[in-house]
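Report on the following structure.
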Amino acid sequence: MMSSSAIGSATPSETCTCVVGLQWGDEAKGKLVDLLGEDHDIVVRYNGGANAGHTIVRDGRSFKLSLLPAGVLNPRLTSVIGNGVVVYPPRFIEEVTQIREAGIEVGGNLMVSERAHVVFPYHMEEERLSETDSEGAIGTTGRGIGPCYQDKVGRVCGIRVGDLLSPDHLRDRLRRVVPWKNRWIQALASGGNAQVFDADKLTQEYLHYGESLRPHVADTCQFLRQSLQQGRRILFEAAQGSLLDIDHGTYPFVTSSSSSPAGIWSGSGVPARRLTRVIGVVKAYTTRVGRGPFPTELTDGPEGTGESIRRKGREYGTVTGRPRRVGWLDLVALRYAAAVSDVDELAVTLLDVLSCVREIAICTAYEIHGERRSDFPADARQLEAATPVLEYLPGWYGEELTQARRFADLPSAARRYVDRVAEELGVPVGIVSVGPDRDQTIIR
Ligand code: IMP
Numbered sequence: 004m005m006s007s008s009a010i011g012s013a014t015p016s017e018t019c020t021c022v023v024g025l026q027w028g029d030e031a032k033g034k035l036v037d038l039l040g041e042d043h044d045i046v047v048r049y050n051g052g053a054n055a056g057h058t059i060v061r062d063g064r065s066f067k068l069s070l071l072p073a074g075v076l077n078p079r080l081t082s083v084i085g086n087g088v089v090v091y092p093p094r095f096i097e098e099v100t101q102i103r104e105a106g107i108e109v110g111g112n113l114m115v116s117e118r119a120h121v122v123f124p125y126h127m128e129e130e131r132l133s134e135t136d137s138e139g140a141i142g143t144t145g146r147g148i149g150p151c152y153q154d155k156v157g158r159v160c161g162i163r164v165g166d167l168l169s170p171d172h173l174r175d176r177l178r179r180v181v182p183w184k185n186r187w188i189q190a191l192a193s194g195g196n197a198q199v200f201d202a203d204k205l206t207q208e209y210l211h212y213g214e215s216l217r218p219h220v221a222d223t224c225q226f227l228r229q230s231l232q233q234g235r236r237i238l239f240e241a242a243q244g245s246l247l248d249i250d251h252g253t254y255p256f257v258t259s260s261s262s263s264p265a266g267i268w269s270g271s272g273v274p275a276r277r278l279t280r281v282i283g284v285v286k287a288y289t290t291r292v293g294r295g296p297f298p299t300e301l302t303d304g305p306e307g308t309g310e311s312i313r314r315k316g317r318e319y320g321t322v323t324g325r326p327r328r329v330g331w332l333d334l335v336a337l338r339y340a341a342a343v344s345d346v347d348e349l350a351v352t353l354l355d356v357l358s359c360v361r362e363i364a365i366c367t368a369y370e371i372h373g374e375r376r377s378d379f380p381a382d383a384r385q386l387e388a389a390t391p392v393l394e395y396l397p398g399w400y401g402e403e404l405t406q407a408r409r410f411a412d413l414p415s416a417a418r419r420y421v422d423r424v425a426e427e428l429g430v431p432v433g434i435v436s437v438g439p440d441r442d443q444t445i446i447r
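Sequential numbering from 4 applies to the sequence shown in my numbering.
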């Protein structure tokens, strides 16, 4: 097993690290969080909900987490679900059960913010109905994320984790909220099938969940600020990727939270200026799930390169099982995402997957309506119209990288590829991952 000090161990002045994806999610951040956890005391999720998908292989066992921070697999760490997360309690309970069944202790080492908002089944029904509009559909994960954040921002219907601990208050709240929700759901269904909800039944159900959550519920913002004062080291685990950020991503084809480090302050209570290290995770190619622009997408059919990468990289959604859209590395998008997330260093993941292609392309610019551009447009329609300007690089076809443990063990074409990414982004690559296991990691 890899020693923690190998991961560029945190110096005393480095107390806050963020691991953030620089693409559209699924950059294999979970493995890095698991590894970097060794050098930290606390792991925090600050955005998203049960829409995130982490597969983490630990001691030969594979864990699939969508809501809990990946740090929860290490009982030495305190794992925090911050106030910026939206919590679906049944999923929380399922994931805790899964981990306990594997013999890993989960108790006071897992904390949930009393300020985090709660996902209810009516959020999922709202989402299901709005996603049936083929024009307006985003291609969401169906986990009620968008509607829950809408309620949070709208204030009138939002319900927080702390509310689940007060029976009379929760009942009053749901008796007010549920009839509105039912009317809204019926309007969305416009005469079609729609599920409506009973306030008192939901109250009973969610009070029960509240009791399961109670031992974990805390003022996590205060806990984190105190922990910083005590010199404890914090690792922030971003869910999704920077290009899915509600403000900085490919709007409207984004998630409903701040998935770049911009979300840390609001979503955890830790001021952004306390952040000392941002590691941008870049998959060696690009994937995207759901709708939205993807200039370098490979649509070359069942026998094509895109399908080979999908198969070798097992590019199927952890949450929904959907095949992920696959394409070449997009340096235009990456330069933008690295700037938005202000990254200090890069981790290149899934490099081993590209052994299945003979020639590898990278996108260095876009052609949009006849104009060559190297900036990343804010307008999704312009991105939809973008043709990638591709440069072809020699690959390392057929050479397996999974045994490489030092950068020098990689074929020269693979080394050149990694160096090229660093050069284009002006950010060093500190970590290269060549397989799902912890020891399949190269630290430079
Ligand atoms: P939502 O987050 O379920 O509302 O989905 C909004 C968009 O974000 C859709 O395109 C989803 O496929 C995408 N998305 C959400 N979570 C993830 C993730 O963890 N990885 C990749 N894509 C995601």
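Using N, Cα and C, we set each Cβ at its ideal position, and we do this for glycine too.
| Item | Value |
| --- | --- |
| Nonlocal neighbours in the same chain, by C-beta distance under 7 Å from Trp399, ignoring five residues either side | Ser358, Pro414, Ala416 and Ala417 |
| Inter-residue Cα distance where the pair is Val437 and Ser169 | 48 Å |
| Sequence-distant residues of the same chain with beta carbon closer than 7 Å to Met4, five excluded per side | For Met4, the pLDDT reaches just 37, beneath the cut-off of 50, and the residue's location in the model is therefore unreliable, although a value from the coordinates is still provided. These residues qualify, in order along the chain: Arg441 and Asp442. |
| Segments of 4+ residues assigned as alpha helix (DSSP H) that fall wholly inside the region 16–91 | 32–39 |
| Proximity to Leu154 [Cα-Cα], best of Asp136, Asn50 and Tyr125 | Before going on, a small fix: residue 154 reads as Asp here, not Leu. The option with the nearest alpha carbon to Asp154 is Tyr125. |
| Host alpha helix (DSSP H) of Cys450 (start-end) | Any property of residue 450 remains undetermined from this structure, which presents the chain solely from 4 to 447. |
| Ala383 vs Gly295 beta-carbon contact at 8 Å | yes |
| Whole-angstrom distance between Leu25 and Gly157, CA atom to CA atom | 29 Å |
| Bounding residues of the alpha helix (DSSP H) (the contiguous stretch that carries Ala341) | Leu334 to Ser344 |
| Distance cut-off 7 Å: Val88 Cβ against heavy atoms of the ligand IMP | no |
| For Gln229 and Val285, the rounded distance between their alpha carbons | 32 Å |
| Cβ neighbour criterion (16 or more within 10 Å) applied to His43 | buried |
| Cys224 and Pro298 closer than 8 Å at C-beta | no |
| Simplified DSSP assignment, three categories, for Ile446 | strand |
| At least three beta-carbon pairs within less than 8 Å, the region 197–208 to the region 134–151 | no |
| Of the listed residues Thr323, Glu129, Arg235 and Arg328, nearest to Asp303 (C-alpha basis) | Arg328 |
| DSSP bridge partner residues for Leu353 (one or two, in chain order) | Paired residue(s): none; Leu353 is not in a bridge. |
| Opening and closing residue of the beta strand (DSSP E) in which Gln243 lies | Ile237 to Gly244 |
| Ser415, enclosing beta strand (DSSP E) - first and last residue | No beta strand (DSSP E) holds Ser415; the alpha helix (DSSP H) holding it covers Ser415 to Leu428. |
| Residue ranges of each alpha helix (DSSP H) within the region 376–406, 4 or longer | 383–387 |
| Environment of His57 [buried if 16+ CB atoms lie within 10 Å] | buried |
| At least three beta-carbon pairs within less than 8 Å, the region 168–188 to the region 90–106 | no |
| Residues of its chain near Ala13, where Cβ-Cβ distance is below 6 Å and the 5 sequence neighbours each way are ignored | Confidence at Ala13 is low in this model, with a pLDDT of 46, below 50, so the placement of that residue should be treated as unreliable; the coordinate-derived value is given next. Excluding sequence neighbours, Ala13 sits near Asp42 and Arg236. |
| Contact set for Asp347: own chain, Cβ-Cβ below 6 Å, skip 5 residues either direction | Arg280 and Val281 |
| Lys184 versus Val121: straight-line alpha-carbon distance, rounded | 15 Å |
| Rounded straight-line distance, which links the Cα of Arg447 to that of Gly433 | 5 Å |
| Contacts around Ser6, its chain only, beta-carbon distance under 7 Å, and the 5 residues preceding and following it disregarded | Residue placement at Ser6 cannot be trusted, given a pLDDT of 42 that sits under 50; what the coordinates show is reported in the next sentence. Contacts found: none. |
| Supposed contact pair Pro264 and Val23 - C-beta distance, whole angstroms, cut 8 Å | 6 Å |
| Arg291 versus Thr18: straight-line alpha-carbon distance, rounded | 32 Å |
| Closest Cα partner of Ala381 within the set Asp250, Glu370, Ile312 and Arg409 | Asp250 |
| Cys21 to Gly316 span [Cα, whole Å] | 25 Å |
| Contact test: Asp355 Cβ vs the ligand IMP heavy atom, cutoff 7 Å | no |
| Where Arg291 sits in the DSSP three-state scheme | strand |
| Validate contact between the region 29–36 and the region 71–89 using beta carbons, cut 8 Å, 3 pairs | yes |
| Sequence-distant residues of the same chain with beta carbon closer than 8 Å to Cys160, five excluded per side | Asp154, Val180, Trp183 and Lys184 |
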